[in-house]
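**Q** Numbering (my numbering), first residue to last: -18 to 143.
We put the CB at the ideal spot given by N, CA and C, even for glycine.
In this text the structure is predicted, and so the values were computed from the model without any measurement.
My questions all concern the structure below.
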């Protein structure tokens, strides 16, 4: 598939309005909070470098990773209160802390063009965060209390459905 040359700015031409889109092709710069996040976590390439597919692929993966990092950050922020209420939950807190460390480390790696390493660390870190959360979250089993007036069902109360 060939790309029309008019999509790329000429060498030396001001290209402050151009950046890579989701598939690594030149597009208009994204504005707002999402654009700021992408500029913070994605590697920088000159728009004329995007002609090379070997450059577009890391840019595409960096944008995808940036989306996952933003999702991990939002989920981590939402889960902070669960770590403290109704009781202190070390499983949730360890998972949230690991998620924040992952976002910072992977964002730095992605920004410095080490997108593959950032993706591998993010994937392994998410698996580790899930394991820590499962291992350290206290599981309390509360059997139903049979108070006065509430008795265990007998065999005659059980209805069989065929």
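Distance, Cα to Cα, residue 27 vs residue 102?
**A** Along the chain shown, one-based indexing puts residue 27 at 46. Along the chain shown, one-based indexing puts residue 102 at 121. Residue 27 and residue 102: Cα-Cα distance of roughly 27 Å.
**Q** If contacts are defined as beta-carbon pairs under 8 Å, then residue 60 and residue 110 qualify, I think. What distance do you get, rounded to the angstrom?
**A** Sequence index remark: in the chain shown, residue 60 carries index 79 (1-based). Sequence index remark: in the chain shown, residue 110 carries index 129 (1-based). In fact, because the Cβ distance is near 10 Å, the residues do not count as touching under 8 Å.
**Q** At 4 residues or longer, and completely inside the region 19 to 87: list those alpha helix (DSSP H) runs for me, N to C.
**A** If we require 4 residues or more, the alpha helix (DSSP H) runs fully inside the region 19 to 87 come out as 34 to 60.
**Q** Beta-carbon separation of residue 39 and residue 94 under 9 Å?
**A** Start at 1 with the first residue of the chain shown, and residue 39 comes out as number 58. Start at 1 with the first residue of the chain shown, and residue 94 comes out as number 113. Closer than 9 Å, so yes.
**Q** With distance defined between alpha-carbon atoms, name the residue in 18, 10, 33, 14 nearest to residue 84.
**A** Residue 84 sits at position 103 when you count from the first residue of the chain shown. Of 18, 10, 33, 14, the residue nearest in Cα terms is 18.
**Q** What separation, rounded to the nearest whole angstrom, lies between the Cα atoms of residue 89 and residue 67?
**A** Position 108 of the chain shown, counting from 1, holds the residue named residue 89. Position 86 of the chain shown, counting from 1, holds the residue named residue 67. About 35 Å.
**Q** In whole angstroms, give me the CA-to-CA distance for residue 64 and residue 30.
**A** Mapped onto the chain shown, residue 64 falls at position 83. Mapped onto the chain shown, residue 30 falls at position 49. In a straight line, the C-alpha of residue 64 is about 45 Å away from that of residue 30.
**Q** Cα-Cα, which of 96, 76, 20, 119 is closest to residue 106?
**A** Here residue 106 refers to the residue found at position 125 when the chain shown is read from its first residue. For residue 106, the nearest C-alpha among the options comes from 76.
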